[in-house]
Structures are given as C-alpha cells and as structure tokens.
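Mapping of the sequence shown onto the numbering used here: position 295 corresponds to residue 306, and the numbering continues sequentially without gaps.
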Amino acid sequence: MHCEHEREWVVRLTFCLIISTIFTLGVYLRQLDSNIINIEETERIQKKRKATQLNVTKMHRVNFLPTEENGSVYWHLNSTELIRTLGYLNATRIKQFLQVLAREFRLVFGRMNQSVPKAIEHCFQTGTKEILVTEHLRRCDNVFRHYLNIGSVPEAVFDTKNVKSLFKENSDFLLLKSAYIYPPPAKSGHFEPLAALCPTLSTERRRSLHKTLQRWIRFAKQNRIMWWICYGSLLGSVRDGDMIPYDTDVDIMVLGSDENKLRKAATKREKVVENQFNLVTRPDEHCIFDNGSRTNCNGEATKEQADVCSFCGPLARAFYSYGEHIDIYLTHLQFATDMEGRPVKFGYFDEGMQEYTYAQNVSDLVYLFPLKTCRILGLTVPCPQQPRKVLELVYGRRFMDPTFVCNTTSYQWVRWE
Numbered sequence: 012m013h014c015e016h017e018r019e020w021v022v023r024l025t026f027c028l029i030i031s032t033i034f035t036l037g038v039y040l041r042q043l044d045s046n047i048i049n050i051e052e053t054e055r056i057q058k059k060r061k062a063t064q065l066n067v068t069k070m071h072r073v074n075f076l077p078t079e080e081n082g083s084v085y086w087h088l089n090s091t092e093l094i095r096t097l098g099y100l101n102a103t104r105i106k107q108f109l110q111v112l113a114r115e116f117r118l119v120f121g122r123m124n125q126s127v128p129k130a131i132e133h134c135f136q137t138g139t140k141e142i143l144v145t146e147h148l149r150r151c152d153n154v155f156r157h158y159l160n161i162g163s164v165p166e167a168v169f170d171t172k173n174v175k176s177l178f179k180e181n182s183d184f185l186l187l188k189s190a191y192i193y194p195p196p197a198k199s200g201h202f203e204p205l206a207a208l209c210p211t212l213s214t215e216r217r218r219s220l221h222k223t224l225q226r227w228i229r230f231a232k233q234n235r236i237m238w239w240i241c242y243g244s245l246l247g248s249v250r251d252g253d254m255i256p257y258d259t260d261v262d263i264m265v266l267g268s269d270e271n272k273l274r275k276a277a278t279k280r281e282k283v284v285e286n287q288f289n290l291v292t293r294p295d296e297h298c299i300f301d302n303g304s305r306t307n308c309n310g311e312a313t314k315e316q317a318d319v320c321s322f323c324g325p326l327a328r329a330f331y332s333y334g335e336h337i338d339i340y341l342t343h344l345q346f347a348t349d350m351e352g353r354p355v356k357f358g359y360f361d362e363g364m365q366e367y368t369y370a371q372n373v374s375d376l377v378y379l380f381p382l383k384t385c386r387i388l389g390l391t392v393p394c395p396q397q398p399r400k401v402l403e404l405v406y407g408r409r410f411m412d413p414t415f416v417c418n419t420t421s422y423q424w425v426r427w428e
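In structure tokens, the structure reads:
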C-alpha cells in the first residue's frame with residue numbers, strides 16, 4: 012500500500028515537472044521569437060535610416076531669377092547657373108538630373124510634354140568650351156523660362172485696394188472662437204469679445220503690423236522678391252483667416268535666391284529709427300535654438316535677444332515699432348543626391364524647419380507652388396498652394412489644435428494638454 016502511494020506521488024511529481032518544463036520552454040520560445048522580431052525590426056529601421064541618409068547625402072542649391080513678361084513677374088530656374096553646375100557631368104548623370112526636374116515641374120504645373128526634357132537635355136550636349144556661348148544660353152534660357160518656372164506672386168496681393176486699405180479696428184480677431192476656449196462653450200462658433208477674456212495683441216500693435224505688412228508688399232514688388240506667409244501666420248490664416256490670438260508677429264518666407272537683395276537693401280543698425288520702415292538682417296548664418304551670432308540695434312555683439320535687432324534665426328526682420336515686426340525666413344530650392352552623385356529629389360528646403368525636424372528635409376515643390384492667396388490682418392497675402400500639407404510637415408497632423416487655450420477661470424492663456 013505504501014509503495015502504491017510512493018508510485019502515485021512520483022507520477023504526480025513527474026507530471027508537474029513535465030508541465031513546468033513545457034511552460035518554461037514555451038516562455039523561452041516566445042522570448043526568442045520576440046527577440047528575433049526585435050532584431051529584424053531593428054535591422055529594418057537601420058536599413059531604412061541608412062537608405063534615408065544615402066538619399067540625402069548632399070544638397071545642391073539652385074537659384075531662380077525673376078523675369079517680367081506682359082506686365083507680370085515670374086521666377087524661373089537660372090539656366091546659366093545650372094549649366095555651369097551640371098556641365099562637367101556625363102550624359103547619363105545629366106539625364107538623371109533632368110528627369111528629376113521634369114518630374115517635379117510636371118507635378119506642379121502638369122504642362123511638361125515628352126519633348127521638353129529632350130530640349131533641355133540638348134542644352135548640356137555641347138562641348139564644355141561652347142556650352143556657355145551667349146547664343147547657346149539664350150536658346151536654353153527660353154526653354155527654362157517657359158517650362159522650369161515656379162510662377163509669380165498673385166496679382167491680387169498688389170491690388171491698390173489691398174495695399175492702401177485702412178486697418179479695421181473692429182474685426183473678427185476681437186471674437187474668440189470656441190476652439191480657443193477652455194472649458195469649451197456649450198455652443199460652437201464665436202464666444203465673446205477677447206477683451207473680456209484673455210490678453211491679446213492690442214489694437215495699436217495690430218495696426219502697426221498691418222502698416223508694416225503693407226510696406227513690405229510694396230518693398231517686395233519693387234525689389235522683385237517672391238514671398239509667402241509661413242509658420243504661425245499661415246497657421247492662423249488657415250484656422251481663422253487672421254493671426255493666432257496669442258501671436259505677436261508675422262512670419263513670411265522668401266527664396267534663398269533673394270538673400271543678397273535683402274542684405275543690400277537692409278537698414279544699417281546705426282541708422283535704425285523707430286516709426287520708420289526698418290529692414291535689418293542677421294549678421295551670420297541661420298542659428299538653431301537661438302545659439303548663433305547676434306548684433307543689437309547699436310551694432311554691438313550680444314549673446315541675448317536684447318532688442319528687436321538682436322536675432323539670429325530669421326534672415327531678416329522688418330518693423331516700424333520695436334515691439335511689432337515681420338520675421339523673414341529663407342527657403343532654398345535644391346537637389347538632393349546620393350553618395351554616388353545620383354539625383355534623388357528636387358524640392359524645397361525650409362531653413363527654419365531644422366528647429367522642428369532636426370534634419371535637412373527636401374519637401375515636394377508641389378506643396379508650395381504656384382502660390383495662391385489667403386488672408387491675415389485684413390490683407391490679401393501670398394500663401395503656399397497646399398497650406399495644410401505645409402503645416403502638417405511643420406507641426407504634425409494635429410496642427411489645427413491650438414497650442415494654448417484661454418482658461419475662462421484664470422483669464423490666462425494655458426498650454427493645451
């Protein structure tokens with residue numbers, strides 16, 4: 012009897028050991044499978060990163076020039092510069108560059124027929140000595156102007172009614188939309204005048220920005236500068252047709268080709284005077300996270316943003332009053348090539364985007380051009396062809412959600428979590 016109990020105990024113990032072993036083996040196999048998946052995923056990500064790095068190994072900036080035709084000014088690719096840049100390449104590599112160009116401009120305007128790339132390619136097939144002959148360049152320039160252009164600043168921007176319109180004190184800006192209210196109101200739409208809730212830009216400061224923007228419109232036309240609104244100003248225009256309620260300045264973008272124009276036309280710091288139109292440029296290259304060279308309005312080097320002149324992020328700043336200004340940023344049009352020099356992309360590089368993405372990204376030309384119009388401060392201004400796509404690239408998919416909301420208890424702007 013005792014032996015039977017021992018035998019039963021041994022059987023049970025053996026059974027438990029078998030079950031335990033099977034369970035342990037199952038856990039081990041799952042962990043092993045998980046590790047294999049993680050290793051494969053890590054390798055996939057590394058390969059993707061390597062491929063991405065390969066595709067943006069080098070950037071080749073190109074300039075666009077303004078040309079007047081039938082009373083309108085439009086911007087086209089600088090054929091002389093491009094031929095100088097690509098003239099040393101072999102026929103295969105040149106053809107690759109032209110195919111990338113043709114693809115991007117076909118997407119933007121849908122007007123590139125099959126014969127055009129061949130016509131452009133012909134511009135690069137002359138010998139290196141003859142390639143820059145005046146007659147040869149003139150023929151190529153006609154092709155470039157017609158097919159490789161990014162359009163113009165919309166005429167509505169320069170309309171007399173727009174440039175000379177008076178600032179309207181009582182505008183929709185004085186009404187706070189429900190998206191900016193916390194807790195949200197029971198009904199959608201407008202809530203009540205901003206003055207009764209959270210602090211916003213005063214009427215006088217908005218009037219000053221309105222005046223500065225109108226002056227900039229005239230300045231840009233006189234100097235043939237292509238521009239459009241960007242960042243917070245574009246965000247406010249898309250959301251509400253005006254400035255963001257808690258914003259204090261206007262953001263605009265210009266082509267990198269126009270940097271020298273702005274620097275030549277800039278106001279010298281010792282001649283900056285309040286209540287006149289001032290255009291000040293940064294002393295050095297674009298800085299990321301405000302860690303670059305700065306010079307104040309007295310022409311003195313400084314490490315801090317001591318006044319309206321001591322900036323290092325935007326290329327330039329336009330203002331009448333010291334407290335209200337327009338920040339002017341650069342966008343470069345450029346090729347991205349891989350390590351072997353093959354062109355993989357032609358598009359735009361937003362200089363300020365480094366602060367948002369931490370990397371040099373070449374975005375699709377079709378998002379920007381041709382420019383269309385939008386509204387801010389009661390004025391018609393140029394904006395990107397696909398403003399929502401541009402904003403998504405900068406701020407993410409939830410760009411329509413305000414960063415700050417007006418707390419109706421404390422009457423202060425608070426970060427929206």
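Ideal Cβ positions, reconstructed from N, Cα and C, are used throughout, including at glycine.
Source: prediction; values computed, not measured.
Would you mind sorting residue i into buried or exposed? The rule is 16 or more other CB atoms within 10 Å of its CB.
{"i": "S213", "result": "exposed"}
{"i": "Y85", "result": "buried"}
{"i": "Q423", "result": "exposed"}
{"i": "T278", "result": "buried"}
{"i": "G363", "result": "buried"}
{"i": "G243", "result": "buried"}
{"i": "N49", "result": "Unreliable positioning characterises N49 in this predicted model, as indicated by a pLDDT of 43, which lies under 50. The coordinate reading is nonetheless provided below. Exposed is the call here."}
{"i": "K356", "result": "buried"}
{"i": "T171", "result": "exposed"}
{"i": "H87", "result": "buried"}
{"i": "E215", "result": "exposed"}
{"i": "M411", "result": "exposed"}
{"i": "D79", "result": "Strictly speaking, residue 79 in this sequence is Glu, with Asp absent from that position. When all chains shown are included, E79 counts as exposed."}
{"i": "A312", "result": "exposed"}
{"i": "L344", "result": "buried"}
{"i": "E335", "result": "buried"}
To the nearest angstrom, how far is the alpha carbon of residue i from that of residue j?
{"i": "S45", "j": "G247", "result": "Low local confidence applies: a pLDDT of 43 at S45 is under 50, so the model's placement there is unreliable, and no value is given."}
{"i": "S163", "j": "P294", "result": "29 Å"}
{"i": "T342", "j": "I105", "result": "25 Å"}
{"i": "S374", "j": "N309", "result": "38 Å"}
{"i": "C333", "j": "Q316", "result": "Note that residue 333 is Tyr in the sequence shown, not Cys. Near 13 Å, if we compare the C-alpha coordinates of Q316 and Y333."}
{"i": "N66", "j": "P413", "result": "Residue confidence is low: N66 scores 47 on pLDDT, short of 50, so the model does not pin down where it sits. Its coordinate-derived value is still stated next. Their Cα atoms are separated by approximately 35 Å."}
{"i": "Q233", "j": "V249", "result": "28 Å"}
{"i": "L390", "j": "L159", "result": "30 Å"}
{"i": "I387", "j": "T259", "result": "13 Å"}
{"i": "F322", "j": "F155", "result": "37 Å"}
{"i": "L326", "j": "S268", "result": "12 Å"}
{"i": "R72", "j": "Q107", "result": "17 Å"}
{"i": "T53", "j": "L376", "result": "With a pLDDT of 40 at T53, under the threshold of 50, the predicted position of this residue should be treated as unreliable, though the coordinate-derived value follows. Their backbone Cα atoms lie some 32 Å apart in a straight line."}
{"i": "W238", "j": "P165", "result": "10 Å"}
{"i": "L477", "j": "R217", "result": "Here the chain has residues from 12 to 428 only, and residue 477 is not among them."}
{"i": "D349", "j": "M70", "result": "9 Å"}
{"i": "L112", "j": "T91", "result": "16 Å"}
{"i": "N307", "j": "K282", "result": "12 Å"}
{"i": "W427", "j": "Y378", "result": "29 Å"}
{"i": "V265", "j": "D152", "result": "23 Å"}
{"i": "A276", "j": "R95", "result": "28 Å"}
{"i": "I236", "j": "R408", "result": "31 Å"}
{"i": "F75", "j": "D361", "result": "16 Å"}
{"i": "L220", "j": "A102", "result": "52 Å"}
{"i": "A190", "j": "G252", "result": "14 Å"}
{"i": "W227", "j": "Q110", "result": "37 Å"}
{"i": "N81", "j": "G303", "result": "44 Å"}
{"i": "K61", "j": "R114", "result": "Residue placement at K61 is poorly supported in this model, since its pLDDT is 42, which falls under 50; the coordinates still yield a value, given next. If I take the Cα positions, the gap works out to 25 Å."}
{"i": "V425", "j": "T211", "result": "13 Å"}
{"i": "P195", "j": "G358", "result": "41 Å"}
{"i": "R229", "j": "I263", "result": "15 Å"}
{"i": "E403", "j": "Q397", "result": "10 Å"}
Are the Cβ atoms of residue i and residue j separated by less than 9 Å?
{"i": "E296", "j": "Y331", "result": "no"}
{"i": "V291", "j": "R280", "result": "yes"}
{"i": "L245", "j": "V401", "result": "yes"}
{"i": "T457", "j": "I240", "result": "With the chain running from 12 to 428 in the structure shown, residue 457 is simply not present."}
{"i": "P256", "j": "C209", "result": "yes"}
{"i": "A231", "j": "F288", "result": "no"}
{"i": "L273", "j": "I339", "result": "yes"}
{"i": "V119", "j": "P393", "result": "no"}
{"i": "F380", "j": "I161", "result": "yes"}
{"i": "C385", "j": "L187", "result": "no"}
Just grab the DSSP bridge partners of residue i for me.
{"i": "E80", "result": "S83"}
{"i": "T384", "result": "P393"}
{"i": "S374", "result": "Y359"}
{"i": "Q423", "result": "N418"}
{"i": "D230", "result": "With the sequence shown as reference, residue 230 is identified as Phe, and Asp is not the correct amino acid for it. F230 is not bridged to any residue."}
{"i": "K69", "result": "T348"}
{"i": "L245", "result": "In the DSSP output, where bridge partners are listed per residue, L245 has none listed."}
What I want to know is whether the C-beta of residue i ends up closer than 8 Å to one or more non-hydrogen atoms of the ligand ZN.
{"i": "F75", "result": "The model on display carries no ligand, and the ligand ZN is accordingly not part of it."}
Could you check whether the Cβ of residue i sits closer than 9 Å to any Cβ belonging to chain B?
{"i": "K175", "result": "Chain labels in this structure do not include chain B; a single protein chain is all it has."}
Complete beta strand (DSSP E) runs within the region 285–343 (minimum length 3 residues, chain order): 289–292, 327–330
Contiguous beta strand (DSSP E) assignments of at least 3 residues, all confined to the region 393–419: 415–418
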